[in-house]
Each structure stands twice: as C-alpha cells, then as structure tokens.
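Engineer: Sharing a structure with you now.
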Amino acid sequence: MKRLLSIEFQKIWKNKASKVLLLTYFILLSFIALIASIKFNIGSFEIHIADQGIFNFPYIWHFNTYIAALFKIFLAVVIVSMMANEYTYGTLKQNLIDGLSKKEFILSKFLVVVSFSMATTLFIFIMSLILGYSFSSYNELSIVFSDLEYLLAFFIKLIGFFSFCLFIGILVKRSAFALGFILVWAFGEKILHGIIGRFVFHDFDYAYKFIKFLPLESMSNLIKEPFSRLSAIKAIETSIGGATAAKDYSVHFSEIVIVLVWTLIFILTAYYIVKKRDL
Amino acid sequence: MHAVKNVSFEIKKGNVYGILGPNGSGKSTTLGIVLNVVNKASGDFEWFTGKLNTHEALKKVGAIIERPNFYPYMTAKENLELVCKIKGTNFSKVDEKLELVGLLERKNDKFRTYSLGMKQRLAIASALLNDPEILILDEPTNGLDPQGIRQIRDIIRIIASQGTTILLASHLLDEVEKVCSHVVVLQKGVMLYQGSVHDMIANDSFFEVKAENMAQLKSVLENYQSVKNTVEEEGKLLVYLNNEISAKELNSYAFEHKIILEHLVKRKNSLEEQFLELTKNK
C-alpha cells in the first residue's frame, strides 16, 4: 500500500498543475476562517458574522462541512486529470507492462481518493475546532464533540464524489471532456427531477424520494444546507411561540449507505473498464 | 476480425528473436497479448514455463512498445525512479542504465524536452532497470534518423552480448538480419516461418549472369540440368538452381556452349528477398 501511494503521489506532486490546484484547495479551505472577520453595517447597527452563531458548537460542524464541500471541485480536477493523463500519455499501458497489475492500478487511484478525503476531513476538523473555540458560545466537551456525524458524512461524500470523478476520468479518457461530462451529469439529475416531478408524479417532493438515489444527488443530500437552520434557530430564539416548519437536517445512516453503494459501483466499473479495454 | 490467429512459438534463453512482418501483420498485437495490454479471444501463453502469473512475470521482463510512454512533466531520472517503484527494485540502477544509453548528462531534464531518439533510448534504459531476463522491443528504431537507428542497434548488441534474451519486432529486415539469431515471420496474423535466420537465408543460392545475347543465354542455361528456372530482371538473368553448383561449373558450361559471360555473381537471397518471397504467395 505504501508502494502504491508513493507511486501515485510522485505522479501528482511532480505535476505542476496538480500541485497548484492542491495548494489552492487547502488555502481556500482555510479562508472559511475569514468569514469570521466579515462585518456588516446597517445604519448605526454593526453586525459581526462570527457573533451570529455560525461558529457555535455543534452547528459549526454542519456549517463548515457544507461550505468546505463546495471547494471539492478543485480536487475533482486533480483526480480527473490524474486518470485521463494515464491515457493521454500512454503511461497506463507502460505501467502495466512495467509490472503493475490492473487491480493495483485501480487500487492505487482509490487510495489517492481516500487520502485526499481523509486529509480534507482532518483539515476541516482541526480548523473547526480552532474556530469554534475562538467564537463559540458553548465550550463544554459534550457539546463540542456532539454532531460529529457531519464529519463522517463529509468524508463519505468526498470519497463518493472523487470515486465518481475517477470513474468518469477512466470512461472518457480526456480531462476536459470528463469535467464537462460531470457537469452535464449534474444538470441531468436536476432535469430528471424536474421532468419526473412535473410530468410523472406532479409532485416535486414525492419525485425527490426517487431522485435522492441518483449518485450526485445522494452525495449532496448527505449534508443538507445549513443556512435555513441558522435562521430557524434565530427565529425560535426571537419569536414568541411562532411555529416554524420542522426540517430534518441530520445525517441519515441510509443516505450514507446509498453513497457507499455508488462508490463501490464506480470503482468496480472502473476496474471492469480497465480490464476489458485494449490499450 | 482476427488480428492474430494460430501463432505459436517458444522462446529459449540467450537467443535474439526477431518477429518480422509488414505493418499490420499482428506483431504488436501478439506482444500486446503476452504483455497483458490486449485481451485475447482465445489461446494461451505463459511466462517462464508458467511458474509466475503475468504481472509478477512482467517484473522480470523489460519491454518497450512502439512509442516511448513517460510522464512528460517529470525528468528522466524521476521517470526511471517511478518505474523502479513499480517494479519494486531500488534506485541504484538508474544512473547505470542512463549511462548505458548515453543519457546520464541529460538526466535532470524534463522528458518533454527530449528528441525522439532520446525518448526511445530512455525507454530502453527503463526496460533494463530490473536487469530483465527477457527484453521485448517493438519497432525500437521506428521514426529515428540514421544516427538514432545506429545508436539503438549498438545498444541492442551490447545487451545481447550480455546474455539477455531479446525479442525484437520489426518490419525492417536488415535490422533483424543484423541483430537476430532466430526469426518468426507473420503476415495478416498468420505465421509463415519460424526458425533460425541462418536457415532462412541459407536455403537457396542463385546466380546473376549477363551476356551479350541474353535470349541465347537464357535458352542455353534452361537446358542445364541443375537449373530450375531463370528470371530476367534489370538486364540480368537470375538463375535459380535445383542443386548446388559452383560459379566455375556454370561458367564452363556456358563457355562450352559458346557464350562468354560478362557478369557472373553467385548470391544468396537476402532476408529481404526471402521475406518478400514468403509473403508474396499468400
């Protein structure tokens, strides 16, 4: 395993474009902390974002993992080009001739996916801890370490998405087309939701019960948007007994399973393609 | 559509084998199959009499295929180190092999700055990193200039002299003739010949003759019992034989029939002619 990782990281790290993207990614992630310094002035009234509760434990786990997941596209580019380059340079053929087995090839790429996801999760964990301890109103250990399932969901979400990129990279063989294809796929899922919701069930919420099984939708569904939750909390705090529509923001085990199943399908199909395709 | 059918041969240690065939004859496909990059519809192959599975066996094999494939953004040294990691050998051989192919001074230059000849030599260095028992070369001189071809051939000769078994696929006959001891001839995926280069060339010798009266010469020689047939080509008469006779015998026979030869050469078919002969009939 160490051997495979060392092979892959040499390939990525020596590539200037990949290196720049990786560094940009982690730099941008740390910019989440800068949200803390945003201040609004409404008349003579000053609103400091960091004081509005977004960095409160345990809400911060939800908020930061949601925001951080938006940046995953940078790593997606690295992973897609890592796969497609092996075809465009003809090095997959050479790697196999040099004695890498097809199974080892896919495994080594998957290990990169896992390490990227792990590194990001760890990064977000540490950053959120620091931000939380600086701004949170609650610092009790039991509150700090509650709702950690958002981190697990974040990790699974990244693995799922990067495995998808890995699969598309192998399938399409050209970086630019593969990235375009991923975009088209994402739109495709939304459009399918629209069509089924409008014409089949005449009910978008009901249609979503099926759409949420699609790969990209299942990944984005893992961590729900946290913004309405924040205002919901505030609304409850300020209004006197006003009833708000309850929305479920939690991470469900079944949703994690769906993403894991997709991950398995993508990796196995990628392996199948490499095995069957003549080089 | 079969790219290759019924091709069967065995490679023994220490020999230099040539796989000959025109473009599209199935050379690369055959090598692709044993190197596990092309899937076969049927048939079998085994490495080292079946003791190792293919990808383990490939670690003891060095191979270069039509085009040198490396990461363009890495230097020669980094590319070779990557191959070392894949093959599971240490980096100590990198400089040694770069020296053998004459690239030691350029080892810290990026692969994309290399000329085709240098890329091809780097590919050979890479194939040699694990001191392979078998070296497979697919069209190693394809697209190179005369100096490049010469350099590659010299390297191949050095490697062969060190006792490495070499399998060389090529459509360049004089390359195979100069370098190989054994040869397999393919055309349209069918094997036409297998055996030593010596046997392939040695089977027929013939004469090239010329006289003032070519028509008379032709009729006289065709009556000679040792002559199988004659062919006129570029103002000369090619005389093919049933049994081996010396130039002296032919000359005196012609002289007895009052013909004085202007030109008499005893020749053997070059591998090229032999090859064209073989592939013509099919």
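Chains as they are written, first to last, in this note's numbering: chain A, 1 to 279; chain B, 280 to 561. Yeah, the Cβ is synthetic: ideal placement off N, Cα and C, and Gly gets one too. These numbers come from a predicted model, not from an experiment.
Rounded to a whole number of angstroms, what is the C-alpha to C-alpha distance between A/GLY242 and A/ILE256?
Structural biologist: As a first step, residue 242 of chain A is located in the first sequence; it is residue number 242 there, counting from the start. As a first step, residue 256 of chain A is located in the first sequence; it is residue number 256 there, counting from the start. Because the pLDDT at A/GLY242 is just 49, under 50, the model does not fix this residue reliably, and the point stays unresolved.
Engineer: If you count every other CB in all the chains shown that lies within 10 Å of the CB of A/ASN41, and 16 or more means buried, which is it?
Structural biologist: Your numbering for residue 41 of chain A matches position 41 in the first sequence. Its Cβ having fewer than 16 others within 10 Å, A/ASN41 is exposed.
Engineer: With burial defined as no fewer than 16 other Cβ atoms inside 10 Å of the residue's Cβ, what is the status of B/ASN492: buried or exposed?
Structural biologist: Locating residue 492 of chain B in the second sequence gives position 213, counting from the first residue. When all chains shown are included, B/ASN492 counts as exposed.
Engineer: Whole angstroms are fine: how far does the CA of B/ILE480 sit from the CA of B/SER525?
Structural biologist: As a working mapping, residue 525 of chain B is identified with position 246 in the second sequence. As a working mapping, residue 480 of chain B is identified with position 201 in the second sequence. Between B/SER525 and B/ILE480, the C-alpha separation is close to 18 Å.
Engineer: Who pairs with B/GLN430 in a beta bridge, going by DSSP?
Structural biologist: Counted from its first residue, the second sequence places residue 430 of chain B at position 151. DSSP output for B/GLN430 lists no bridge partner at all.
Engineer: Counting only beta-carbon separations shorter than 8 Å, does B/LYS338 have a partner in chain A?
Structural biologist: Here residue 338 of chain B corresponds to residue number 59 of the second sequence, with the count starting at 1. Taking Cβ atoms only, chain A reaches closer than 8 Å to B/LYS338, which makes this a yes.
Engineer: Which residues bound the beta strand (DSSP E) around A/GLN94?
Structural biologist: Taking the first sequence and counting its residues from 1, the one referred to as residue 94 of chain A is at position 94. Per DSSP, A/GLN94 belongs to no beta strand (DSSP E); it is in the alpha helix (DSSP H), 91–97.
Engineer: Indicate whether at least one CB of chain B lies closer than 8 Å to the CB of A/THR121.
Structural biologist: As a working note, residue 121 of chain A is residue 121 in the first sequence. No, because no Cβ of chain B sits closer than 8 Å to the Cβ of A/THR121.
Engineer: Using only CA atoms, which one of A/LEU23, A/THR24, A/GLN52 and A/PHE26 lies nearest to A/SER305?
Structural biologist: An answer regarding residue 305 of chain A cannot be provided, because it is not within the stretch 1 to 279 covered by chain A.
Engineer: Taking the alpha carbon of B/VAL362 as the reference point, which residue from B/ASN409, B/ASN387, B/HIS334 and B/GLU384 has its own alpha carbon closest?
Structural biologist: Here residue 362 of chain B refers to the residue found at position 83 when the second sequence is read from its first residue. Looking at the Cα atoms, B/ASN409 is the closest of the given residues.
Engineer: Does any residue of chain A have a CB that is nearer than 8 Å to the CB of B/MET353?
Structural biologist: The residue given as residue 353 of chain B occupies position 74 in the second sequence. Cβ-Cβ to chain A under 8 Å: yes for B/MET353.
Engineer: Could you tell me whether the Cβ of A/LYS2 comes closer than 8 Å to any Cβ of chain B?
Structural biologist: Counting from one through the first sequence, the residue named residue 2 of chain A turns up at place 2. For A/LYS2, no CB of chain B lies under 8 Å from its own CB, so it is not counted at the interface with that chain.
Engineer: Taking the alpha carbon of B/ASN521 as the point to measure from, which residue in B/ASN387, B/SER505 and B/GLN399 has its own alpha carbon closest?
Structural biologist: Along the second sequence, read from residue 1 onward, the residue named residue 521 of chain B stands at position 242. That would be B/SER505, whose Cα lies nearest to the Cα of B/ASN521.
Engineer: In terms of residues, what are the limits of the alpha helix (DSSP H) holding B/ARG546?
Structural biologist: For this step, residue 546 of chain B is matched to residue 267 along the second sequence. Segment 540–547 is the beta strand (DSSP E) holding B/ARG546; no alpha helix (DSSP H) there.
Engineer: Closest by CA to B/VAL469, which one among B/PRO301, B/LEU543, B/TYR296 and B/ARG546?
Structural biologist: Numbered from its first residue, the second sequence carries residue 469 of chain B at position 190. Ranking B/PRO301, B/LEU543, B/TYR296 and B/ARG546 by Cα distance to B/VAL469 puts B/PRO301 first.
Engineer: Assuming B/ILE377 is part of the beta strand (DSSP E), what are its boundary residues?
Structural biologist: Sequence index remark: in the second sequence, residue 377 of chain B carries index 98 (1-based). The residue you asked about is not Ile; residue 377 of chain B is Leu in the sequence shown. It is not in any beta strand (DSSP E) - B/LEU377 instead sits in the alpha helix (DSSP H) that spans 372–379.
Engineer: Taking one C-beta from the stretch 324–335 of chain B and one from the stretch 370–377 of chain B each time, how about it: are there three or more such pairs within less than 8 Å?
Structural biologist: no
Engineer: In chain B, which residues lie less than 8 Å from A/SER91 when you measure between Cβ atoms?
Structural biologist: Working through the first sequence from its first residue, we reach residue 91 of chain A at position 91. The sequence shown places Thr at residue 91 of chain A, not Ser. Chain B residues near A/THR91: ASN348, PHE349 and TYR350.
Engineer: In terms of residue numbering, what span does the alpha helix (DSSP H) encompassing B/MET493 cover?
Structural biologist: Numbered from its first residue, the second sequence carries residue 493 of chain B at position 214. For B/MET493, the enclosing alpha helix (DSSP H) has its first and last residue at 493–501.
Engineer: If the cut is a Cβ gap below 8 Å, which residues of chain A does B/LYS364 touch?
Structural biologist: In the second sequence, counting from the first residue as 1, residue 364 of chain B sits at position 85. Within 8 Å Cβ-Cβ: ARG3, SER6, ILE7 and GLN10.
Engineer: From the beta carbon of A/SER101, is the nearest beta carbon of chain B less than 8 Å away?
Structural biologist: Numbered from its first residue, the first sequence carries residue 101 of chain A at position 101. True, the Cβ-Cβ gap to chain B drops below 8 Å.
Engineer: Can you check whether the C-beta of A/ASP147 is within less than 8 Å of a C-beta belonging to chain B?
Structural biologist: For the purposes of this step, residue 147 of chain A is identified with residue 147 of the first sequence, where counting begins at 1. Not closer than 8 Å to any Cβ of chain B, the Cβ of A/ASP147 fails to qualify, so no.
Engineer: Does A/THR244 come within less than 8 Å of chain B when only Cβ atoms are used?
Structural biologist: Here residue 244 of chain A corresponds to residue number 244 of the first sequence, with the count starting at 1. Unreliable placement is indicated for A/THR244, whose pLDDT of 49 sits below 50; the coordinate value is still reported in the next sentence. Taking Cβ atoms only, chain B never reaches closer than 8 Å to A/THR244, which makes this a no.
Engineer: Any Cβ of chain A within less than 8 Å of the Cβ of B/ASN387?
Structural biologist: Taking the first residue of the second sequence as 1, we reach residue 387 of chain B at position 108. Closer than 8 Å to the CB of B/ASN387 there is not a single CB belonging to chain A.
Engineer: Given a threshold of 16 other Cβ atoms within 10 Å of its Cβ, counted over all protein chains shown, does A/GLU8 qualify as buried or as exposed?
Structural biologist: Reading the first sequence from its first residue, position 8 is the one you call residue 8 of chain A. Per the 10 Å Cβ criterion, buried.
Engineer: Let me check one thing: in DSSP terms, what residues is A/PHE35 bridge-paired to?
Structural biologist: Against the first sequence, residue 35 of chain A aligns to sequence position 35. The sequence given here places Ile at residue 35 of chain A; Phe does not occur at that position. DSSP, once it has assigned bridges, lists no residue as partnering A/ILE35.
Engineer: For B/ARG302, go through chain A and note every residue whose CB falls closer than 9 Å to its CB, in chain order.
Structural biologist: What you label residue 302 of chain B is simply residue 23 of the second sequence in a count that begins at 1. The amino acid occupying residue 302 of chain B in the given sequence is Asn; Arg does not appear at that position. Around B/ASN302, no beta-carbon contact reaches into chain A at under 9 Å, the shortest distance being about 18 Å.
Engineer: Run through the stretch 383–427 of chain B for me and flag every whole beta strand (DSSP E) of 3 or more residues, listed as ranges in chain order.
Structural biologist: 413–417
Engineer: Over what stretch of residues does the alpha helix (DSSP H) that includes A/PHE145 continue unbroken?
Structural biologist: Within the first sequence, residue 145 of chain A is the residue found at index 145, counting from 1. Neither: A/PHE145 is in no alpha helix (DSSP H) and is coded neither H nor E.
Engineer: Quick check: the stretch 54–67 of chain A against the stretch 121–137 of chain A, are there 3 or more CB pairs under 8 Å?
Structural biologist: At 8 Å Cβ cutoff, the stretches touch.
Engineer: For B/LEU299, which beta-bridge partners are listed by DSSP?
Structural biologist: Sequence index remark: in the second sequence, residue 299 of chain B carries index 20 (1-based). In DSSP, B/LEU299 forms a bridge with B/SER449 and B/VAL464.
Engineer: With 16 as the cutoff for other CB atoms within 10 Å, does A/ASP203 come out buried or exposed?
Structural biologist: Counting from one through the first sequence, the residue named residue 203 of chain A turns up at place 203. Counting Cβ neighbours within 10 Å, A/ASP203 comes out exposed, since fewer than 16 surround it.
Engineer: Quick one, are the C-beta atoms of A/ASP98 and B/ILE365 less than 8 Å apart?
Structural biologist: For this step, residue 98 of chain A is matched to residue 98 along the first sequence. For this step, residue 365 of chain B is matched to residue 86 along the second sequence. Contact: yes.
Engineer: Helix or strand or just coil, what does DSSP make of A/MET1?
Structural biologist: Mapped onto the first sequence, residue 1 of chain A falls at position 1. A/MET1: coil per DSSP, three-state reduction.
Engineer: Where does A/TYR272 fall in DSSP's three states?
Structural biologist: Position 272 of the first sequence, counted from the first residue, corresponds to residue 272 of chain A. Three-state result, A/TYR272: helix.
Engineer: For B/GLN553, count neighbouring Cβ atoms within 10 angstroms of its own Cβ and tell me buried if that reaches 16, exposed if not.
Structural biologist: Against the second sequence, residue 553 of chain B aligns to sequence position 274. With 16 or more neighbouring CB atoms inside 10 Å of its own CB, B/GLN553 falls in the buried class.
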